[in-house]
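Report on the following structure.
There are 2 protein chains.
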Amino acid sequence: MEVRGEFPVFRRDAECGPGWERRREAVVFDSPYLRVEEVEFVTPSRPGGGVEWLVVRRKNAAIVAPRLSDGRFLLVRQERLPVQRALWEFPAGQIDDLAGSDDPATILRAALAELEEEAGHRLAAGGRMEALGYFFSSQGFTDEHAYLFLADGVEEIPGHDGVLGRGDEAIHEVRAFTVGDLRRMIASNEIADANSLSLWARMSARGLV
Amino acid sequence: MEVRGEFPVFRRDAECGPGWERRREAVVFDSPYLRVEEVEFVTPSRPGGGVEWLVVRRKNAAIVAPRLSDGRFLLVRQERLPVQRALWEFPAGQIDDLAGSDDPATILRAALAELEEEAGHRLAAGGRMEALGYFFSSQGFTDEHAYLFLADGVEEIPGHDGVLGRGDEAIHEVRAFTVGDLRRMIASNEIADANSLSLWARMSARGLV
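Residue numbers (the numbering used here), protein chains in the order written: chain A, 42 to 250; chain B, 42 to 250.
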């Protein structure tokens, strides 16, 4: 499958540039879902080190904006436990292969899987994935980052069982929205998650919407 | 001081709608900076409860896009420890008053303080703050949210000591960028944090850039 666009990946240690170092680190909380580390950093402006920081580690994610042939975009409405709301969002999911979570092929597979599992759609003939880089969700306390894609030209999967999301997810609805709808939902705070807003910013800056 | 625009605030429990409940919660990690809670949820689609989830709690934040009278925007270049990079971002900071962190007056004060502390600027005569709602940084694992503002018409603070950021922050530089510059930096992945991208999406959807 062809992917259009550069595909920068985030390599925290390999590409952080001179002057950065983790001098000492300890896991202070651990679970299968997130880990909290206490780290002493050396940074370009603080070459003596001594900067202690709590860092939350989490699996990376892939976010997909699925565009139909008529130009409308699909959003899913999903229950989000920490904020106690069902939010309208672009389909998103974690990249389960922790070891390979910054490997382009793994990321792309995860993005296509989310399109299928959360939205019940796939690339149509002639459809293509456009890679739009990544973003950091909250760079002050976690290195979590998510890869952004436009899935341009999607179609419903025939015979899809209609069950959306995996076991621990509850997706209420999938619906197609025009670009004007999305703009109004972003302007009004109805679309309010970093995944969808960041993907919109990238598409908008690149003239794709 | 006048603030233009609606000012929606996030009230997690008060406005979560019917069907949501936290049935049981336990703090499994605590610190002055972040807390991890293990929570059993009841949700609209899972009225029987039994959904266990780890939720990270953190102070909320205010993000400000400072616009000069010539139309350029200020960005700060700040060391971000978890991602081991210095990133170009809109000025951002946590709202230190945890109790009042979703109170409009407190949020606005925090936004103006960040403009001053991180960018060395303030509203000029005739300048105004425009409230652009809030966003969730990573709604799958934290209820952290950040309030977004356009500070339209800012000026350098005369006699500012030139020291930017607080004790635990390292800001390398403040620089003015044109809208075209910002668009290129967003498109190319150079601007890559949820704060700046979400603020851009809101400004763009509202026709402010």
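Note that CB positions come from ideal geometry on N, CA and C, so glycine has one too. All values reported here derive from a predicted model rather than from experimental measurement.
Cutoff 9 angstroms: residue i Cβ touching any chain A Cβ
i, result
"VAL124 of chain B", "yes"
"ASP54 of chain B", "yes"
"ASP222 of chain B", "no"
"GLU159 of chain B", "no"
"HIS186 of chain B", "yes"
"PHE182 of chain B", "yes"
"LEU238 of chain B", "yes"
"VAL105 of chain B", "no"
"ARG99 of chain B", "yes"
"GLY241 of chain B", "Going by the sequence as given, residue 241 of chain B is Trp instead of Gly. By this cut-off, TRP241 of chain B is an interface position."
"GLY58 of chain B", "yes"
"ASP144 of chain B", "no"
"LEU109 of chain B", "no"
"TRP61 of chain B", "yes"
DSSP three-state assignment for residue i, whether helix, strand or coil
i, result
"ALA146 of chain B", "helix"
"GLY168 of chain B", "strand"
"ASP222 of chain A", "helix"
"GLU231 of chain A", "coil"
"TRP61 of chain B", "coil"
"ALA211 of chain B", "coil"
"GLU185 of chain B", "coil"
"LEU122 of chain B", "helix"
"ALA217 of chain B", "strand"
"LEU205 of chain A", "coil"
"ARG163 of chain B", "strand"
"ARG45 of chain A", "strand"
"LEU253 of chain A", "Lying outside 42 to 250, the shown extent of chain A, residue 253 of chain A is not represented and no answer is given."
"LEU240 of chain A", "helix"
"LEU156 of chain B", "helix"
Chain B within 9 angstroms of residue i, Cβ atoms only
i, result
"ILE148 of chain A", "no"
"HIS201 of chain A", "no"
"LEU205 of chain A", "no"
"ASP138 of chain A", "no"
"HIS213 of chain A", "yes"
"PRO85 of chain A", "yes"
"GLU120 of chain A", "yes"
"VAL246 of chain A", "The residue asked about is misnamed: residue 246 of chain A is Ala in this sequence, not Val. Yes, ALA246 of chain A lies at the interface with chain B (some Cβ there is under 9 angstroms from its Cβ)."
"SER229 of chain A", "yes"
"ARG216 of chain A", "no"
"ARG65 of chain A", "no"
"ASP193 of chain A", "no"
"GLY89 of chain A", "no"
"PRO132 of chain A", "no"
"TRP94 of chain A", "yes"
"PHE51 of chain A", "yes"
"VAL69 of chain A", "yes"
"LEU156 of chain A", "no"
"GLY112 of chain A", "no"
"PHE177 of chain A", "yes"
"ARG225 of chain A", "yes"
"LEU128 of chain A", "yes"
Where the beta strand (DSSP E) through residue i begins and ends
i, result
"GLY91 of chain A", "87-98"
"GLN180 of chain A", "Here GLN180 of chain A belongs to no beta strand (DSSP E), and DSSP marks it neither H nor E."
"ARG76 of chain B", "76-84"
"VAL105 of chain A", "102-109"
"ALA55 of chain A", "Unbroken run through ALA55 of chain A: none, as it is neither H nor E."
"VAL134 of chain B", "One detail in the question is off: residue 134 of chain B reads as Gly in this sequence, not Val. Element bounds for GLY134 of chain B: 133-135."
Per-residue burial, residue i [other beta carbons within 10 Å of its own, 16 or more giving buried]
i, result
"ALA160 of chain A", "buried"
"ARG243 of chain B", "buried"
"THR219 of chain B", "exposed"
"PRO73 of chain B", "exposed"
"ALA106 of chain A", "buried"
"GLY181 of chain A", "buried"
"ALA192 of chain A", "buried"
"GLY58 of chain B", "exposed"
"GLY112 of chain B", "exposed"
"ASP209 of chain B", "exposed"
"ARG64 of chain B", "exposed"
"VAL69 of chain A", "exposed"
"GLY206 of chain A", "buried"
"GLU130 of chain A", "buried"
Closer than 8 angstroms: residue i CB and nearest the ligand NAP heavy atom
i, result
"ARG163 of chain B", "Looking at this structure, you won't find the ligand NAP or any other ligand, since it has none at all."
* Pairing CB atoms from the region 71-87 of chain B with CB atoms from the region 161-171 of chain A, are three or more of them under 8 angstroms? -> In short, these stretches do not touch, since the Cβ pair count stays below three.
* Asked: Looking at C-beta atoms only, is the number of pairs between the region 111-126 of chain A and the region 92-103 of chain A that lie closer than 8 angstroms three or more?
  -> The count of Cβ pairs closer than 8 angstroms, one atom from the region 111-126 of chain A and one from the region 92-103 of chain A, stays below three, leaving the stretches out of contact.
* Would you call the region 131-139 of chain A and the region 184-202 of chain B touching, i.e. three or more CB-CB distances under 8 angstroms? -> In the pairwise beta carbon analysis, the region 131-139 of chain A is classified as not touching the region 184-202 of chain B: fewer than three pairs are separated by under 8 angstroms.
* **Given 8 angstroms, three or more beta-carbon pairs between the region 174-182 of chain B and the region 230-242 of chain A** => Because the criterion of three Cβ pairs below 8 angstroms is met, the region 174-182 of chain B and the region 230-242 of chain A touch.
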